[in-house]
Amino acid sequence: MCAGLGFGWIALLPDEYAQFGRHTVAGAGFFSNFILWGESGYFDTAAETKPLLHLWSLAIEEQFYVFWPLILWFFWRRRLRPIHVIALLGVGSFMVSAYLAQHDRTAAFYSPLSRFWELMVGGALVCYTRTSHVSLPTGRLGDALSMLGATMLVIGMLLINNGRAVPGWWALLPALGAFCLIAAGPQAVVNHRLLGHRLLVWFGLISYPLYLWHWLIFAYARIMYGGELAPEVAALAITASVVLAWATWHWLETPVRGGDSAPAKVSVLLGLMALVAAGGQLISMRDGLSSRSVVAANPGVNAGWDGGEGGFTIGDCRVDDPARVAVLPNCRRDSRRVERFALVGDSKAAALFGGLVRTSTDTGRWLFIGGNGPHGAPLPVLSDDDLYAYYQPAARIALDAVAANPNVEAVVLVASTRALFQLASDSSVEDLPRSEHFEQARRGMTNAAQLLIVAGKRVVLLVDNPTLPDPKYCLRRVTSSREINLTLSFGHENEKCRVALRRHMKLTEKYRALLRAVTASDPTNISMFDTTPYLCDMTSEICSAFDGERLLYSYTDHISDYAAGKIGRALNAWLTSDSRGTPSAGEEPRVRDDAMTSPKHASPP
2 MCAGLGFGWI ALLPDEYAQF GRHTVAGAGF FSNFILWGES GYFDTAAETK PLLHLWSLAI
62 EEQFYVFWPL ILWFFWRRRL RPIHVIALLG VGSFMVSAYL AQHDRTAAFY SPLSRFWELM
122 VGGALVCYTR TSHVSLPTGR LGDALSMLGA TMLVIGMLLI NNGRAVPGWW ALLPALGAFC
182 LIAAGPQAVV NHRLLGHRLL VWFGLISYPL YLWHWLIFAY ARIMYGGELA PEVAALAITA
242 SVVLAWATWH WLETPVRGGD SAPAKVSVLL GLMALVAAGG QLISMRDGLS SRSVVAANPG
302 VNAGWDGGEG GFTIGDCRVD DPARVAVLPN CRRDSRRVER FALVGDSKAA ALFGGLVRTS
362 TDTGRWLFIG GNGPHGAPLP VLSDDDLYAY YQPAARIALD AVAANPNVEA VVLVASTRAL
422 FQLASDSSVE DLPRSEHFEQ ARRGMTNAAQ LLIVAGKRVV LLVDNPTLPD PKYCLRRVTS
482 SREINLTLSF GHENEKCRVA LRRHMKLTEK YRALLRAVTA SDPTNISMFD TTPYLCDMTS
542 EICSAFDGER LLYSYTDHIS DYAAGKIGRA LNAWLTSDSR GTPSAGEEPR VRDDAMTSPK
602 HASPP
């Protein structure tokens, strides 16, 4: 934590450093799992860029060590055998884990109630062998047990990934695999010949400091190099982790563990831990200390902000029922004049709204219902399909409210590609061509559009922006140390923060075909507005995170306020180009391969 705070001083931006400060306090107090659990959500930082994320497991271990002796003592006083207590509570904890893994994966991951059973597996082995006076298996039985354990661990490493419901049933593979290896005893074939090898024994000695160092180093590398690491950078991070782990074991862990004066050592360590926690708390309270020189060295961090809504909006969207308003994430309108246009959609709509308001005129002010909140986002899809069940409460309220608003002439619907097709990531649409959800999305969006058309509204489908990595990965990140920047080659552009227009059009063809299909259901009343010309260089045919020195993205795959202004200026002019607020017909952006486009629908001039 001290090393992390030190490097963070010269490397992290204010919001990152403030978060690191909070995590330092949580790590020192062994409640990191609860802090990380509370942070998880739509706008949370990627797990791979939280340098102290790995302390969640140490927190759960410490919580177990505090409560488990008290639980055993409580049941011992009632003359219950420890093995029965372990079996009862262990099975109960596992069932909680299995349930949460299916219904709340974040809680399953971070909750001690769903994790204690994994620690109890080892406790059960020790308790059973000592109280029942049973010897560990030997000979062929021990060999077989060790091979079974090793096989379970290998299968777990091969099959368990982010798509699995973990911990739950999948966690049985590593837990029982470790159980079998330990139960097999030191002379079993796998333990003696493989795990007993001098190299692996050496790694076992440094395993604890290696655990502490490796994630810190890899997280900082991902922050500074922009996400996924090149092989040579990953190799350097691994080497640094091993070297620092050995140095920590040799010069810190071994001297502290050995010798006399244990009470004095404990007192000193507790005092140092308190000082580290106090430093983290100060950094958190000071919002990451924005006066540090690293902030000035990375000027692009605020390069996408142009003032937002400018203070012109109020929290009202003509919905009188407080219960219905409570379901909506954002409910706002321009205070300067009665709204003529409405914006409805998910967080992509929220990213656009400030630019629309700021660039609007008295000929067309805005009302907005959308964003993302505790009750979901009003994705403009009306469907009974389970695929979109999460969005339906907010979507139905939002669309009904706009349909009933007599002031609104045109409604702009915004839906992120990943939400419509339920894609796996917010930083890539590589899996979009394989999606099987086209028909569900088409019917749902068509239903939403028809509800508005029946109410006398014009409908505009806003084309989603190109998907690029989080803009923090696109900045040419440097530290405030010139020597470190030169040594570690910080400050280079991330090539993943640009995509060829041809590639973008090919990947998103299914999404564009969806919008064309919805438009074709009623071309008189439904139009499309394509944002691509305002987010891509149509001359070089490159879509980048930057427009010169200005950022076009703000967080994850959402456009920046600057980009919202560019789009808003064009969209406002387009909507007010005639007295009815109906957009004029145009063509999709064309690349040299004309087969990738289809010009027969409305788009900006």
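Numbering follows the working numbering, with no gaps: position 585 of the sequence shown is 586. Even glycine gets a Cβ: it sits at the ideal position worked out from N, Cα and C.
Cβ distance (whole Å) where residue i is taken to contact residue j below 8 Å
i, j, result
"P379", "A396", "4 Å"
"A399", "V345", "5 Å"
"L146", "A189", "7 Å"
"A565", "A352", "6 Å"
"K349", "H559", "6 Å"
"A108", "A166", "A108 to A166, Cβ: 12 Å. No contact."
"C332", "D317", "7 Å"
"Y563", "P472", "About 11 Å separates the two Cβ atoms, so there is no contact after all."
Same chain, Cβ closer than 7 Å to residue i, neighbours up to 5 away in sequence not counted
i, result
"D16", "G289"
"T509", "T418, V430, L433"
"V460", "V412, L414, A450, L453, I454, N526, I527"
"T152", "none"
"S292", "none"
"V243", "L211"
Proximity test, residue i beta-carbon vs the ligand FAD heavy atom, cut-off 7 Å
i, result
"L424", "What this structure holds is no ligand at all, so the ligand FAD is not there to describe."
Contact check, residue i vs residue j, beta carbons under 8 Å
i, j, result
"S545", "G305", "no"
"R337", "F313", "yes"
"V412", "K458", "yes"
"I207", "A246", "yes"
"S98", "W118", "yes"
"V479", "G492", "yes"
"P330", "G372", "yes"
"I284", "A19", "yes"
"R366", "E340", "yes"
"T50", "A238", "no"
"L502", "C537", "yes"
"G186", "L154", "no"
"T25", "G281", "yes"
"H55", "W250", "no"
"Y474", "G301", "no"
"V328", "P381", "no"
"L462", "A442", "no"
"Y392", "G374", "no"
"T248", "V234", "The question names Thr, yet the displayed sequence has Ala at residue 248. No. Outside cutoff."
"P470", "K497", "yes"
Which residues DSSP lists as bridging residue i, in chain order
i, result
"A501", "I543"
"G371", "N331, G346"
"A411", "F342, R459"
"H559", "Y556"
"I1", "This structure leaves residue 1 out entirely; the chain is present only between 2 and 606."
"I315", "R334"
"G377", "G374"
"C537", "C544"
"R366", "E340"
"R551", "D548"
Reference residue i; option with closest CA among the options
i, options, result
"W214", "S522, L53, G549", "L53"
"G86", "L73, R78, F95, T488", "Checking the displayed sequence, the identity of residue 86 turns out to be Val instead of Gly. Checking every option, the nearest Cα to that of V86 belongs to L73."
"G1", "I84, I161, D105, V92", "A question about residue 1 goes unanswered here, because the residues of the chain that appear run from 2 up to 606."
"D157", "F354, W171, R477", "At residue 157 the sequence reads Gly, which differs from the Asp that was named. Of F354, W171, R477, the residue nearest in Cα terms is W171."
"W252", "I284, P210, L120", "P210"
"A298", "A108, L476, A565", "L476"
"A425", "Q441, T468, D386, M446", "T468"
"S522", "T488, N448, Y554", "N448"
"F95", "R551, G311, F110", "F110"
"S41", "R106, Y66, R80", "R106"
"R116", "H104, M2, P168", "P168"
"E63", "L120, R79, H505, N162", "L120"
Proximity test, Cβ basis, 8 Å: residue i and chain D
i, result
"N331", "Of the protein chains in the structure, only one exists, and it is not chain D."
Same chain, Cβ closer than 8 Å to residue i, neighbours up to 5 away in sequence not counted
i, result
"V464", "R513, L516, M529, F530, D531, T532, T533, S604"
"G30", "A278"
"Q423", "L388, S436, H438"
"I543", "R499, V500, A501, L502, C537"
"V191", "D144, S147, M148, G150, A151, L182, A185"
"L270", "V257"
"T362", "N573, T577"
"H193", "P187"
"L13", "F21, I224, G289, V295"
"R334", "T314, I315, D317, C318, R319, E340, R366, W367, L368, F369"
Same chain, Cβ closer than 6 Å to residue i, neighbours up to 5 away in sequence not counted
i, result
"A27", "S33, I36"
"V122", "A176, F180"
"A343", "L368, V403, V409, V412"
"S490", "none"
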